[in-house]
Amino acid sequence: MKPLKILGWGVGGLIGAVALIAAGFFLTAWIGSSIPRNSGWAEAETGIPIMVETNGVHTGIVMPIATPVKDWRELFPSAAEPMAGGMLPTHVSVGWGDREVFLTVPTWGDLKASTAARIATQGGPAVMRVAHYYRPAGGPNHRWVILREEEYARLVTEVEKALPPVDDPRSRVSHESFDPQASVYDSTGRYTLGNTCNQWVGDTLAAAGIEMGLWTPLAGGVMKWIPEGGARP
Numbered sequence: 067m068k069p070l071k072i073l074g075w076g077v078g079g080l081i082g083a084v085a086l087i088a089a090g091f092f093l094t095a096w097i098g099s100s101i102p103r104n105s106g107w108a109e110a111e112t113g114i115p116i117m118v119e120t121n122g123v124h125t126g127i128v129m130p131i132a133t134p135v136k137d138w139r140e141l142f143p144s145a146a147e148p149m150a151g152g153m154l155p156t157h158v159s160v161g162w163g164d165r166e167v168f169l170t171v172p173t174w175g176d177l178k179a180s181t182a183a184r185i186a187t188q189g190g191p192a193v194m195r196v197a198h199y200y201r202p203a204g205g206p207n208h209r210w211v212i213l214r215e216e217e218y219a220r221l222v223t224e225v226e227k228a229l230p231p232v233d234d235p236r237s238r239v240s241h242e243s244f245d246p247q248a249s250v251y252d253s254t255g256r257y258t259l260g261n262t263c264n265q266w267v268g269d270t271l272a273a274a275g276i277e278m279g280l281w282t283p284l285a286g287g288v289m290k291w292i293p294e295g296g297a298r299p
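Encoded structure:
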């Protein structure tokens, strides 16, 4: 048998194995995200509006800067600073994910093969990305949900758990990243294929009591539980 033919079979077998593993992951993710937690939960008619947002790959949770339950300026120094244009933010968006990706990978085209392999095989330390908005509007990828005060308090507690304790939260230092519109802070936990940015969002929403899939490693697995609705103030 010719060496090139053997090599071709080997490469083809490897590609087939990778494709099979990927197909298994997506199927398992679809099944896992379809198993509900907090089944039967109903959105409040009045309360504290939050937003669940996505860019198609990542998801995040948008919350008002200050409510009777929580003032995020006490936890995130950047939330008290003016945005570009001089406006003070009205909302923060929090997301959780792989440290290297959130600091150095602005697009999928910038993702190194070595980084993808490291995430797939061993994961990596996590960070929390905090973006700042002024009166954000709703839309297909930015969906409002109204929480009861006690539900929002549980949501706040879950977000706080993802931050390592510091003596003075106002001195919390953010890392330099490619995104000037957001701050990136150290976080607890470890990012893996089984515990992704979207799984963190799903777990955080479920901890508040919102109906959510059991395993939501992909953005669609989170967003399918959040119905599209009209803009909220």
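Here the sequence shown stands for residues 67 to 299, where the numbers follow the working numbering. Each residue gets a CB set at the ideal place from its N, CA and C atoms; glycine is no exception.
CA nearest to the CA of residue i, picked from the options
| i | options | result |
| --- | --- | --- |
| L213 | G90, T120, I127 | I127 |
| P130 | L177, W210, G122, F168 | W210 |
| G286 | E215, H124, V225, S105 | H124 |
| V158 | L177, W138, D176, I276 | W138 |
| T282 | P230, T262, G275 | T262 |
| F168 | A182, D245, D233 | D245 |
| P143 | E216, L154, G275 | L154 |
| A95 | G279, P235, G113, N207 | G279 |
| P235 | P206, A146, G190, A108 | A146 |
| E224 | T181, S99, G255 | G255 |
| I116 | P172, G189, A203 | A203 |
| T112 | V222, E215, W266 | E215 |
| M194 | V160, G275, S99, V267 | V160 |
| G275 | V171, D176, A110 | A110 |
Residue i: first and last residue of the uninterrupted alpha helix (DSSP H) it sits in
| i | result |
| --- | --- |
| R220 | 215-227 |
| T270 | 263-274 |
| V239 | Counting along the chain, V239 falls outside any alpha helix (DSSP H), and DSSP gives it neither H nor E. |
Cβ-based burial, residue i [other Cβ within 10 Å; buried from 16]
| i | result |
| --- | --- |
| Y218 | buried |
| G151 | exposed |
| N264 | buried |
| V118 | buried |
| K178 | exposed |
| K227 | exposed |
| P206 | exposed |
| I101 | exposed |
Integer-rounded CB distance, given that residue j should sit under 8 angstroms from residue i
| i | j | result |
| --- | --- | --- |
| Y251 | L229 | 7 angstroms |
| S240 | S253 | In fact, because the Cβ distance is near 12 angstroms, the residues do not count as touching under 8 angstroms. |
| A186 | L259 | 6 angstroms |
| K136 | V222 | 5 angstroms |
Terminal residues of the beta strand (DSSP E) in which residue i lies
| i | result |
| --- | --- |
| G255 | 248-257 |
| G190 | 190-199 |
| I292 | First-last for I292: undefined, no H or E at that position. |
| T120 | 114-120 |
- Can you check the region 126-175 for any beta strand (DSSP E) of at least 3 residues that lies completely inside it and give the ranges in chain order? Correct list: 157-164.
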